[in-house]
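The block underneath contains the structure these notes are about, expressed in structure tokens.
Numbering (this note's numbering), first residue to last: 1 to 276.
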């Protein structure tokens, strides 16, 4: 059931911004987008029924994402969509734009270009999901922007789940986290990795843990602010418009959220709804 306030507000012309992720990682992007777009209402959509995306085969995941967006666009009629998931956008971004040419999509891709521009050592690591690591899109970014760097791609099977558990207040073991991030740290010809790109929106939740466990200091590059700035550039500013009523709710595709998830959404100022 869709929140009735959303239908009324859309009918009055106040279209929301939809933020989409496989889980709760996109909350890092939502937080930044709200600061830059205070006159807009937001709907947060988590495809937790399909989480985690990193282990999916490409064809069925692409079909799932496009099908899900058919439902989301029909029900919520957003002004724009922020796809706050590297795995989803690097796989299905082109399909979404082709299927819904009238919709404005703001994508999330690994921040390889800014990392290549900032590195001093020339050693950059990209910490991502297995799906993002194997994607041709990611390797094209390296070829386009980072040919003068040594870029190590590190695909973690477990960090997205760990981040979801951590942000819900569950305990995670330092040794388990360190095992996932250790391959990011490279020493070569007297130089060391100095930038690690967080190429999954879940990972910034663990940034302080990463800093504490890292064998040496690095710049952990969080793309959330850059994504929000791009959204602000693409979505028209409505002068004098106050923040609309009826939005600021979260949709979970499983329809089954535990107490910790509901408390987290409440802490973000989001009420709960569902797709179907």
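No residue lacks a Cβ here, since even glycine has one placed at the ideal position from N, Cα and C.
Under the three-state reduction of DSSP, residue 112 is assigned to helix.
A Cβ-Cβ contact shorter than 8 Å links residue 232 with residue 37. Beta-bridge pairing by DSSP links residue 152 to 125. With fewer than 16 other Cβ atoms from the protein chains shown falling within 10 Å of its own Cβ, residue 171 counts as exposed. Between the region 106-118 and the region 185-197 there are three or more inter-stretch CB-CB distances shorter than 8 Å, so the stretches are counted as touching.
If you check the CB distance, residue 125 and residue 200 do not come in under 8 Å. In this structure the region 266-275 does not lie against the region 86-94, because fewer than three pairs of beta carbons, one per stretch, are closer than 8 Å. For residue 247, there is no enclosing alpha helix (DSSP H), as DSSP gives it neither H nor E.
The DSSP-derived three-state label of residue 266 is helix.
Counting of Cβ neighbours within 10 angstroms places residue 224 among the buried residues, the total reaching 16 or more. Under the Cβ criterion (8 Å, minimum of three pairs), the region 93-108 counts as touching the region 64-72. Ranked by Cα distance from residue 249, the first of 76, 219, 208 and 80 is 76. Taken through DSSP and simplified to helix, strand or coil, residue 192 comes out as strand.
One alpha carbon belongs to residue 186, the other to residue 180, and they sit about 14 Å apart. Residues of the same chain with a CB within less than 8 Å of the CB of residue 271, apart from the 5 flanking positions on each side, are 3, 248, 249, 250 and 265 in chain order. When rounded, the separation of the alpha-carbon atoms in residue 258 and residue 154 is 31 Å.
A contact between stretches requires three or more CB pairs, one per stretch, nearer than 8 Å, and the region 23-33 fails this requirement with the region 137-155. Per DSSP, reduced to three states, the secondary structure at residue 237 is coil, with no helix or strand assignment.
Going by DSSP, residue 209 is part of the alpha helix (DSSP H) stretching over 207-213. Within the model, the alpha-carbon separation for residue 14 versus residue 159 is close to 37 Å. DSSP places residue 144 in the helix class (H, G or I) of the three-state scheme. DSSP, reduced to helix, strand and coil, places residue 187 within a strand of the structure shown. The DSSP-derived three-state label of residue 89 is helix.
Secondary structure remark: continuous beta strand (DSSP E) runs of at least 3 residues inside the region 32-80, in chain order: 42-46. A residue is called buried when at least 16 other Cβ atoms come within 10 angstroms of its Cβ; residue 56 meets this threshold and is buried. Out of 246, 136 and 169, the CA that lies nearest to the CA of residue 109 is found in 136. Beyond the five residues adjoining it in sequence on each side, residue 120 comes within less than 7 Å, by CB distance, of 194 in the same chain, given in chain order.
Beta bridge pairing from DSSP links residue 19 with 44 and 82. With distances taken between CA atoms, residue 51 lies nearest to 85 out of 106, 208 and 85.
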